[in-house]
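Numbering (my numbering), first residue to last: 620 to 1202.
Worksheet: one structure, shown below.
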Ligand code: AMP
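Structure follows, in structure tokens:
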């Protein structure tokens, strides 16, 4: 078996790796580090959680340790799709380069240009950036990319989803032809293949089998229910009620949880609703300004915040070691996202619980998820009984679930053929068989992503219906705006700085990065206090962009209604992620 000492890394890097507690390289590290150190291009097909960040940072630090940066001319460039991922890569650099003198700058949106300019002016060895912010700096004439010797593209498939590929192509054209490229993607969509064929030169291809099953430490369950009425207001209200009941049923062992929604608007609504009902909950998604996002994540990592309501992109790849529960308020429309989401819990050998709510319209997603994980998600009894609201107090809960919009039908609908034991008590639901998170470094067929292909036809990625307000672009230089709608870095970056500036650049990393996650105290969980009943109704805010007049009291402070506008059908169903959290 390969060991880190076999990899020709700088001894100071090796020391940092040992201090980080790593004993053996992961398959992507064992495969990518040697060719990277030889100066070859690398195409790494691996997803987050496989150790891919170290697979490019360790060789980069080793190579960059020889030489110094010149003012405004970074020697290397790492491009990440979201601000949080960029910040996480920066954190990795800090860890692995602690014994090597290297400078770095983090260029992400939502942070003032001025501080970033100052760092660039001094000269940095490593520039970690989201594409939009990097181009903004370049266009302002503050950045010269002629000295970039190593360029990393991380999570290229997510860049594609978010509409950043034109930016990436443009950046490839701005860095020297002779640079070394390290390119990472979880899957190889045709567009990604085209990019790699165009911009990589005879790359070493290292493919790590995608994670098709969840960690064996994660107990998965699905609560199926059918809303009592077809109208969306009732269905949404009942779903929130069901979520609360599911949380309450886990009160004994739920120290904290990430609750995933498919759409940003639902992230806000669910967070508001939970707060209204006394839960310690905050939303995180790409429309929130960076300082807010940083504070929220910081609080969650430190154990001060118990429930993080998140969109996929906002939470994707974030490495928070101790999350006891994941709730899928919505089943994700892309099967891989199910694996990513539930992988936020059960990390590093800890146990975790992942509970999903499924409604009949989720059947197509559920089929794809179960096909991907190779078996049914064990069904659990619904913790909240429709038409019996008075008797719905669940173990460990102080909340009652009286709601005149309670579901009129039982949640257990037949799913013949899937083999799930729906009547099995939730607490003893079997765990899904698991395989290791990373498989051997042997080539596998390019990962198929049926959901990806379906996406453009059914649920096109691109959060057009929820895209953020555009910032005042008056001071922005002319540029190619073809995909601007998906660049929330640029769309939101300025205008949020004043007075409430997020730290998050260069040596001034966001606080949450510098802090380790506090293990939750062992004491009993805080009680949930239901203050009010959920009597709200919510119409299709995505299609109309309008909060209905009937909106619930419990989300009365939810985002202000936007004016009704025409939304193309395809846009109206776009999921939460695109343009979320991005650059
Ligand atoms: P990544 O895929 O880069 O997001 O890494 C996922 C997690 O694996 C991070 O928490 C890393 O600190 C950790 N990690 C990376 N490499 C190793 C290794 N060789 N041994 C153990 N843990 C690792």
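Backbone N, C-alpha and C fix where the C-beta goes; we use that ideal spot for every residue, glycine too.
Query	Result
Taking residue 758 as the reference, which of 941, 736 and 743 has the closest Cα?	736
Which of the three DSSP states, helix, strand or coil, is assigned to residue 944?	strand
From the DSSP output, in three-state form, read off residue 1114 for me.	Low per-residue confidence applies at residue 1114: pLDDT is 32, beneath 50, and the placement is therefore not dependable, though the value from the model is reported in the following sentence. Reduced to three states, the DSSP call for residue 1114 is coil.
Can you tell me where the beta strand (DSSP E) with residue 839 in it begins and where it stops?	837-843
Taking 8 Å as the threshold, find out whether the segment 754-772 comes into contact with the segment 801-810 through three or more Cβ pairs.	yes
Look at residue 694 and residue 677 and say whether their C-beta atoms are less than 7 Å apart.	no
Kindly indicate which residue of 689, 983 and 826 has the alpha-carbon position closest to the one of residue 807.	826
Do the segment 988-999 and the segment 956-965 touch if we need at least three Cβ pairs shorter than 8 Å?	yes
Can you have a look at residue 733 and say buried or exposed, based on whether 16 or more other CB atoms are within 10 angstroms of its CB?	exposed
So is the beta-carbon of residue 984 under 6 Å away from any non-hydrogen atom of the ligand AMP?	no
Can you tell me which residues form a DSSP beta bridge with residue 799?	769
Which residue's Cα is closest to the Cα of residue 998: 850, 625, 718 and 838?	838
Whole angstroms is fine: what's the gap from residue 884's alpha carbon to residue 921's?	26 Å
Shortest alpha-carbon distance to residue 663 belongs to which of 776, 939, 709 and 900?	776
Would you mind reading off the limits of the alpha helix (DSSP H) that contains residue 859?	851-868
Comparing C-alpha positions only, which one of 871, 650 and 627 sits nearest to residue 681?	627
Residues bridged to residue 745 by DSSP?	695 and 723
If I'm right that residue 996 touches residue 840 with Cβ under 8 Å, what's the distance once you round it to whole angstroms?	7 Å
Check this for me: beta carbons of residue 621 and residue 644, under 7 Å apart or not?	yes
Tell me whether the beta-carbon of residue 977 lies closer than 7 Å to the beta-carbon of residue 857.	no
In whole angstroms, what is the alpha-carbon distance linking residue 718 and residue 971?	35 Å
Hey, residue 855 and residue 666 are a contact pair by Cβ (cut 8 Å); roughly how many whole angstroms apart?	The Cβ separation is near 32 Å, so there is no contact.
Helix, strand or coil for residue 926 per DSSP?	strand
Would the beta-carbon of residue 898 fall within 7 Å of that of residue 926?	yes
Can you tell me whether residue 938 sits near the ligand FMN, meaning its C-beta is under 6 Å from at least one heavy atom of the ligand?	For the ligand FMN, the structure offers nothing, since it holds only the ligand AMP.
Taking residue 944 and residue 964 to be in contact with their CB atoms under 8 Å, please state how far apart those CB atoms are, rounded to whole angstroms.	6 Å
Under three-state DSSP, which class holds residue 915?	helix
Would you list, in sequence order, the uninterrupted beta strand (DSSP E) runs of no fewer than 3 residues that lie entirely inside the segment 633-713?	661-664 and 695-698
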